[in-house]
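K.L.:
Pasting in a structure now, in structure tokens, and then I'll have a few things to ask.
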């Protein structure tokens, strides 16, 4: 008998940050000192490190110059333009302005460069090596503080708390420390993108059981041919054209986001959220944090309700952006403030649960009645309504989704999450409908 | 044949479900039967075995003198679109034989099966001029010193049914039961290999392959028409075919699907996609998915795969599990080849079924499928 069993239960205690595509990090100073990273005469970088073996099958990897991307200096140069030396430069936690800290860092960096050159070493003991073992690339990036600072400087201080009292550093602390859980990484991936761009947190948790398909590309953030299929080496029989291993949707998006911010930790639930791991996702454990807020973007009707029950029991807010044709429907469950808040916008809980049961009998109209109970009866506007009624041509068997509406949903969602983390209230009704076709918004 | 007076909740009224009302005899009662009655009793359990699309293609001829049952296939019940080479019908016949063999062992008889040579080319959908019945195998019975199997296996035959519902992924298959399933497969035929899958990524892949298979065939008009013929209304009294409720469909939904697949009513692309997706979700929710693969795809191995499947299904029934067969993944070449890659085997998957306990308890009470009368599948000598 062949068994292929990695039961979910067994993985509950594992560190989910270690997903299969995770770019590996090595502190440059330590890597140089221990010989984990060295350069040959032609500047080829050689990584000899046991940490490579679990993901690459080999403890040694060679990177020709064409696959090396030393980016630390560029990061410091980019910050040089961005960070102000004037009186209103934000104060960091230690009382100095960002610009003052930057100047100190650059001085430190230049000394290390000088030292490296004096000793005939190619790179200074500065920054972090990022090994993209999936693509065979080696990056050398600035230390965490400066790399991550560069990712948010352009956001300036556009985001504030409702009273506008928090300092830049306090705002950063709140946003960086928030742990948002995303379940369903299709439109959820759009919201993740929005949240990360807006807030640049240190950690997120994501869950999706599906794999990437080309038909997702119209809306999938950072999806590309790199993720359409796994490499041929993943096949059992390289000549079997039907054996086409795919790429986990949760892992691809974690990977892509970690190529933006390699210091970002992502707890990846590539089996998706389910009844077995639900508590772990919400509450954390074994070093994994609990979530502060849930983004729900799944297409499984049962799970949509299940996670809301779990969130309500824990007093955790849930936000969902539903892309119905040209409309992006924002729906908040403000469970943090209201333990009795209903799950759906369009019906009370009892009606919603009855609609859920009916929706599982294969009757198409009952599915839409459930959607109406959850999202409101006006969900089916514009051409989406025509699709729902079965009018006209239907080129797809799946729910139609506009790529731009999904992107807009991600932008709206990212902003909403950031505002909420900073203490802003949810909309009075919990809902806003952004109608991109008619260029209107309504509550 | 005796009939129980208090049927189980999942056996609907009506003659189409009488087969499930067969009573499990005590051994002493069985011993008092004549050999003809004993063989007929075994045939009654062969009738309960699952068959593709509930076509019930098995035909049986009882030979008292030879103490044997000859098993045949009615080619008119082999589906031209979904089973063009008779693989699924042969596997179904193997399941019927399994019930006979296992019942015999429980009542103190040894059963030996001999597959008839050179029948493989004949196991095809019937054309007008073809001889409709193809004899495939004969099972002979001899007395044992004592029964080698518990009667609970026979009870399991009456309880076993396909439950095509979402299962509860929290329910795990006990490793000892998993080992038993492997032993069962090997004991049936050394040329079979069992792959038992319970990890989430592979279950997802299997779900995707099944969804691909279902999407492929449902979008083929000829297949859709054929499926419509075998998808019957929930309140039908037909002895054959699958009722929509067995898939969790309401009366209206079952009718809409049947009409839509037949081309006589509306059915939208997202509805068939949702139907295919349900199989995907079913796979992913399972405690395990079992794949029986064979080095050779011939009658011998197909019969063996059917026997192994039914024996495992019964063992799992005894352990409180339900099963659901997914034939699409074995019959549509692209997902079948994809499955081989995923399982890292060059053998052909012949049987794929999922194992679990329904998430919604009510789903475990879904009714049994219908059956014809035993007399309708028994052949007289010389026919």
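Residue numbers (this note's numbering), protein chains in the order written: chain B, 42 to 484; chain V, 211 to 593.
Yeah, the Cβ is synthetic: ideal placement off N, Cα and C, and Gly gets one too.
Does the beta carbon of residue 99 of chain B come closer than 8 Å to any beta carbon on chain V?
P.N.:
no
K.L.:
On the three-state DSSP scale, how would you describe residue 468 of chain V?
P.N.:
helix
K.L.:
Using the three-state DSSP reduction, which class does residue 345 of chain V fall into: helix, strand or coil?
P.N.:
Looking at residue 345 of chain V - three-state DSSP - the assignment turns out to be strand.
K.L.:
Please report the residue range of the alpha helix (DSSP H) in which residue 231 of chain B lies.
P.N.:
Where residue 231 of chain B is concerned, the enclosing alpha helix (DSSP H) starts and stops at 228-240.
K.L.:
Spatial neighbours of residue 50 of chain B within its chain, please: CB distance less than 7 Å, with the 5 preceding and 5 following residues excluded, ordered by chain position.
P.N.:
At residue 50 of chain B, the pLDDT of 36 sits below 50, so the modelled position is not reliable; the number obtained from the coordinates is stated separately. The answer, listed in chain order, is 317.
K.L.:
Pick from B:314, B:269, B:403: whose alpha carbon is nearest that of residue 486 of chain V?
P.N.:
It is B:403.
K.L.:
Quick test of your reading: residue 345 of chain V and residue 400 of chain V, contact by CB under 8 Å. State the CB separation rounded to the nearest angstrom.
P.N.:
Wrong, their Cβ atoms sit about 25 Å apart, outside the cutoff.
K.L.:
Does the structure place the stretch 211-223 of chain B close enough to the stretch 406-425 of chain B that three or more beta carbon pairs sit under 8 Å?
P.N.:
no
K.L.:
Within 10 angstroms of the Cβ of residue 353 of chain B, are there 16 or more other Cβ atoms? Answer buried if so, exposed if not.
P.N.:
Burial call: buried.
K.L.:
Could one say the Cβ of residue 46 of chain B lies closer than 8 Å to chain V's Cβ atoms, at least one of them?
P.N.:
Model confidence at residue 46 of chain B stands at a pLDDT of 42, short of 50, so the residue's coordinates are unreliable; what they give is reported in the following sentence. It does; some Cβ of chain V falls within 8 Å.
K.L.:
How many Å lie between residue 250 of chain B and residue 61 of chain B at the Cα?
P.N.:
Those two C-alpha atoms are separated by around 15 Å.
K.L.:
At the 8 Å Cβ level, is residue 223 of chain V part of the contact set with chain B, yes or no?
P.N.:
no
K.L.:
Return yes when the Cβ of residue 234 of chain V is within less than 8 Å of the Cβ of residue 227 of chain V, no when it is not.
P.N.:
The answer is no: Cβ separation not under 8 Å.
K.L.:
Should residue 497 of chain V be counted as a contact of the ligand ATP given a C-beta to heavy atom distance under 7 Å?
P.N.:
Absence of the ligand ATP is noted for the structure shown, with no ligands found whatsoever.
K.L.:
Determine, using beta-carbon pairs with one atom in the stretch 83-92 of chain B and one in the stretch 318-337 of chain B, whether at least three such pairs fall under 8 Å.
P.N.:
Touching, no.
K.L.:
In terms of alpha-carbon separation, which member of V:223, V:333, V:547, V:543 lies closest to residue 508 of chain V?
P.N.:
V:333
K.L.:
In three-state terms, what does DSSP make of residue 533 of chain V?
P.N.:
In the three-state DSSP reduction, residue 533 of chain V falls in the strand class (E or B).
K.L.:
Hey, does residue 91 of chain B have any beta-carbon neighbour from chain V nearer than 8 Å?
P.N.:
no
K.L.:
Determine the direct distance from the alpha carbon of residue 95 of chain B to that of residue 238 of chain B, and round the result to whole angstroms.
P.N.:
Rounded to the nearest angstrom, the two C-alpha atoms are 31 Å apart.
K.L.:
Would you say residue 424 of chain V reaches chain B, if we count a Cβ-Cβ gap shorter than 8 Å as a contact?
P.N.:
no
K.L.:
Should residue 474 of chain V go down as buried or exposed, given a rule of 16 or more other Cβ atoms within 10 Å for buried?
P.N.:
A residue is called buried once 16 or more other Cβ atoms fall within 10 Å of its Cβ, and residue 474 of chain V, having fewer, is exposed.
K.L.:
Pick from V:565, V:307, V:542: whose alpha carbon is nearest that of residue 422 of chain V?
P.N.:
V:542
K.L.:
Mind checking which residues open and close the alpha helix (DSSP H) that includes residue 273 of chain V?
P.N.:
No alpha helix (DSSP H) contains residue 273 of chain V, which is instead part of the beta strand (DSSP E) from 268-273.
K.L.:
Within 10 angstroms of the Cβ of residue 203 of chain B, are there 16 or more other Cβ atoms? Answer buried if so, exposed if not.
P.N.:
If you draw a 10 Å sphere on the C-beta of residue 203 of chain B, you find fewer than 16 other C-beta atoms in it, and that means exposed.
K.L.:
Beta carbon of residue 271 of chain V, beta carbon of residue 591 of chain V: below 8 Å?
P.N.:
In this structure, residue 591 of chain V lies closer than 8 Å to residue 271 of chain V by Cβ.
K.L.:
Name the chain B residues that come within less than 8 Å of residue 473 of chain V, Cβ to Cβ?
P.N.:
The contacting residues do not exist; residue 473 of chain V stays about 16 Å from chain B at best.
K.L.:
Of the residues that make up the stretch 233-257 of chain B, which ones have a beta carbon closer than 8 Å to any beta carbon in chain V?
P.N.:
Within the stretch 233-257 of chain B, those residues whose Cβ lies closer than 8 Å to any Cβ of chain V are, in chain order, 250, 251, 252.
K.L.:
Can you tell me which of B:198, B:451, B:65, B:130 puts its alpha carbon nearest to the alpha carbon of residue 261 of chain B?
P.N.:
B:451
K.L.:
Could one say the Cβ of residue 49 of chain B lies closer than 8 Å to chain V's Cβ atoms, at least one of them?
P.N.:
Any answer about residue 49 of chain B is weak, because its pLDDT of 37 lies below 50 and its placement is not dependable; what the coordinates show is given next. Chain V, which has a Cβ nearer than 8 Å to the Cβ of residue 49 of chain B, makes this yes.
K.L.:
Give the residues from the stretch 424-454 of chain V that approach chain B closer than 9 Å (Cβ to any Cβ), ordered along the chain.
P.N.:
425, 429, 454
K.L.:
For residue 126 of chain B, is the classification buried or exposed, using 16 other Cβ atoms within 10 angstroms of its Cβ as the cut-off for buried?
P.N.:
exposed
K.L.:
Please say whether residue 323 of chain B and residue 369 of chain B have beta carbons closer to each other than 8 Å?
P.N.:
no
K.L.:
Taking one C-beta from the stretch 517-537 of chain V and one from the stretch 239-251 of chain V each time, how about it: are there three or more such pairs within less than 8 Å?
P.N.:
no
K.L.:
In chain B, which residues lie with their C-beta within 9 Å of the C-beta of residue 458 of chain V?
P.N.:
401, 402, 403
K.L.:
Any contact between the stretch 196-210 of chain B and the stretch 459-468 of chain B? By contact I mean 3 or more CB pairs, one from each, below 8 Å.
P.N.:
yes
K.L.:
Check the Cβ-Cβ distances between residue 440 of chain B and every residue of chain V, and say whether any is below 8 Å.
P.N.:
yes
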